[in-house]
Amino acid sequence: MTVAKIVYASLTGNTEEIADIVAEALENLAIDVEINECTQVDAEDFEDADICIVASYTYGDGDLPDEIMDFYDDLAELDLTGKIFGVCGSGDTFYDYFCKSVDDFEALFTKVGASKGADSVKVDLAAEEEDIQHLEEFAKQLAAAATN
Numbered sequence: 042m043t044v045a046k047i048v049y050a051s052l053t054g055n056t057e058e059i060a061d062i063v064a065e066a067l068e069n070l071a072i073d074v075e076i077n078e079c080t081q082v083d084a085e086d087f088e089d090a091d092i093c094i095v096a097s098y099t100y101g102d103g104d105l106p107d108e109i110m111d112f113y114d115d116l117a118e119l120d121l122t123g124k125i126f127g128v129c130g131s132g133d134t135f136y137d138y139f140c141k142s143v144d145d146f147e148a149l150f151t152k153v154g155a156s157k158g159a160d161s162v163k164v165d166l167a168a169e170e171e172d173i174q175h176l177e178e179f180a181k182q183l184a185a186a187a188t189n
C-alpha cells in the first residue's frame, strides 16, 4: 500500500486544517496516511513514506516558523531520491513574501532528490471552497505520481 507522510506547522489552526484536507483526500484515494505536527516527528520518517508532504505557514517577513526549523535542517541532510513530494501552506497576502515557506520547502525537497508530484498550493489565511478544491486536486496528483 502507498504511504503518505504529512508533517505540518500551524500557529492558528489554518495550516493544520489544510493538512487535514489533504490527508482526507488521500485516504479517499486508498492511500495510507500518517499526519504529525512537526515537533512530534523526525525528518528521517520521510524515508519510510512513498509520498512526503509538508504543510507550513510563513511567519513574519517570509520566515520559516521557529518550530519547523530543526525539521527543515534535518531534512536537508537526507537523500529522498525516489520519493514523491508535495508542499502546501498558508500565509497572508498582506505580506511581501506570501507563503515563502512553501517555496523554501519545495526547493529543499528538490535539493535532496525528491520528485515533485504536484504543484504547490498556497492558501490565503483559511481554506475557502476554492482552496479545498485545489488541495483535493493536489492530493489526486500526488497519488497518481506515486502509483505510476
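For the sequence shown, my numbering begins at 42 and goes up steadily by one. We put the CB at the ideal spot given by N, CA and C, even for glycine. This one's a predicted model, so the numbers in the text were calculated from it and none came from an experiment.
DSSP three-state assignment for residue i, whether helix, strand or coil
i	result
Glu-147	helix
Val-153	coil
Phe-87	helix
Asp-107	helix
Thr-122	coil
Close-in-space but distant-in-sequence residues of the same chain around residue i (CB under 7 Å, 5 per side omitted)
i	result
Asn-77	Val-48
Val-82	Val-48
Asp-192	Because the chain in this structure spans residues 42 to 189, residue 192 falls outside the shown range and cannot be described.
Ala-84	Phe-112, Asp-115, Leu-116, Leu-119
Ile-109	Ala-50, Cys-79, Ser-97
Thr-122	Gly-154
Where the beta strand (DSSP E) through residue i begins and ends
i	result
Val-95	92-98
Asn-77	73-78
Lys-163	162-165
Val-48	44-50
Ile-125	125-132
Cutoff 8 Å; reference residue i; Cβ partners in own chain excluding five residues on either side
i	result
Lys-152	Ala-117
Asp-73	Met-42, Thr-43, Val-44, Ala-45
Asp-89	Val-44, Lys-46
Buried/exposed call for residue i, threshold 16 Cβ in 10 Å
i	result
Leu-52	exposed
Glu-58	buried
Asp-80	Reading off the sequence, residue 80 comes out as Thr, not Asp. Exposed.
Thr-55	Sequence inspection shows Asn at residue 55; the Thr mentioned does not correspond to that position. It is buried - the Cβ of Asn-55 has at least 16 other Cβ atoms within 10 Å.
Asp-107	exposed
Thr-188	exposed
Ala-184	buried
Start-to-end residues for the alpha helix (DSSP H) that takes in residue i
i	result
Lys-181	170-188
The ligand COA heavy atom lying under 7 Å from the CB of residue i
i	result
Lys-46	No copy of the ligand COA occurs in the structure displayed, which carries no ligand at all.
Q: Decide yes or no for the touch test of the stretch 54-66 against the stretch 167-182: beta carbon pairs closer than 8 Å, at least 3 of them.
A: yes
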